[in-house]
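First up is the structure itself, then whatever we jot down about it.
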Amino acid sequence: SQQGEEDPQALSIQEGENATMNCSYKTSINNLQWYRQNSGRGLVHLILIRSNEREKHSGRLRVTLDTSKKSSSLLITASRAADTASYFCATDQGGYQKVTFGTGTKLQVIP
Amino acid sequence: GAVVSQHPSRVICKSGTSVKIECRSLDFQATTMFWYRQFPKKSLMLMATSNEGSKATYEQGVEKDKFLINHASLTLSTLTVTSAHPEDSSFYICSASRGSLNTEAFFGQGTRLTVV
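Residue numbers (my numbering), protein chains in the order written: chain A, 1 to 111; chain B, 1 to 116.
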């Protein structure tokens with residue numbers, strides 16, 4: 001079964017607002033990654049956070065990781081219409097980057 | 001970042017025929033690659049782990065005779081959907097990494113397979 005559950009499943013916001021997506025997982029991990037997928041397209045890697053890290057930033061993205069709660073969040077600040085996509089968290093349990101994907105959050109940013 | 005190339009990006013085939021999808025790591029060697037399948041509006045499900053020079057490891061519920069995987073070199077893995085049926089229509093995507101624990105996995109751009 002899938003490792004991660006994401007919340008919310010769908011999110012619709014106005015351009016300029018912040019978007020927060022959450023991911024929960026079940027077992028211990030080495031790292032957690034966030035990916036973006038535009039409709040019908042491949043995956044774009046956004047950010048990787050290691051299990052010993054608690055927060056990481058990349059541009060307008062902020063990722064947090066709470067290993068005690070087995071959860072992570074992705075915050076996109078000052079959203080743009082181009083941020084409209086599905087966002088997935090992915091976790092690995094070690095070795096060779098065999099990642100398991102969460103259920104995904106479909107984000108719509110309204111211009 | 002590293003590049004993983006997947007080909008073809010789209011393919012339409014008739015029921016009963018076989019389709020081969022290629023996954024190449026263009027600028028690094030990948031002893032292990034992974035194949036995923038994505039149903040419409042769903043997440044990605046791991047199908048199998050492709051190991052260079054040895055047999056692939058399939059996830060539970062994935063038919064190995066249906067989805068043949070060959071990892072003939074350190075830069076190429078292929079997935080062949082044999083005797084395809086309309087229910088095999090899906091988005092297939094591969095990934096590869098350099099193999100160390102805390103590095104990202106790089107994904108191909110995916111293949112949209114439609115079986116008619």
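Heads up, the beta-carbon is just placed ideally off N, CA and C, and yes, glycines get one too.
**Item:** Separation of L32 of chain A from L48 of chain A, as counted between CA atoms
**Value:** The residue you call residue 48 of chain A lines up with position 48 of the first sequence. The residue you call residue 32 of chain A lines up with position 32 of the first sequence. Answer to the nearest angstrom: the Cα atoms are 6 Å apart.
**Request:** Could you have a look at E87 of chain B and say whether DSSP puts it in helix, strand or coil?
**Result:** As a first step, residue 87 of chain B must be located in the second sequence, where it is residue number 87. E87 of chain B: helix per DSSP, three-state reduction.
**Request:** Express the C-alpha separation of G4 of chain A and S73 of chain A in angstroms, rounding to a whole number.
**Result:** Taking the first sequence and counting its residues from 1, one reaches residue 73 of chain A at position 73. Taking the first sequence and counting its residues from 1, one reaches residue 4 of chain A at position 4. One C-alpha to the other measures close to 12 Å.
**Message:** 8 Å is my cut-off, CB to CB: does G59 of chain A come that close to chain B?
**Reply:** For the purposes of this step, residue 59 of chain A is taken as residue 59 along the first sequence, with counting starting at 1. G59 of chain A does not count as touching chain B.
**Asked** Beta-carbon of L43 of chain A versus every beta-carbon of chain B: anything under 8 Å?
**Response** In the first sequence, counting from the first residue as 1, residue 43 of chain A sits at position 43. At least one chain B Cβ lies under 8 Å of L43 of chain A.
**Prompt:** L107 of chain A CB to nearest chain B CB: under 8 Å?
**Reply:** For the purposes of this step, residue 107 of chain A is taken as residue 107 along the first sequence, with counting starting at 1. Chain B contact via Cβ: absent.
**Asked** Once you ignore the five residues that flank R36 of chain A on each side, which residues in its own chain have a CB closer than 6 Å to its CB?
**Response** What you label residue 36 of chain A is simply residue 36 of the first sequence in a count that begins at 1. Correct list, in chain order: V44, L46, A85 and Y87.
**Prompt:** Residues in the region 33 to 61 of chain B with C-beta within 7 Å of chain A's C-beta atoms, listed in sequence order?
**Reply:** F34, S43, L44, L46 and T49
**Asked** Name the chain B residues that come within less than 7 Å of L48 of chain A, Cβ to Cβ?
**Response** Position 48 of the first sequence, counted from the start, is the residue given in the question as residue 48 of chain A. Correct list: E104.
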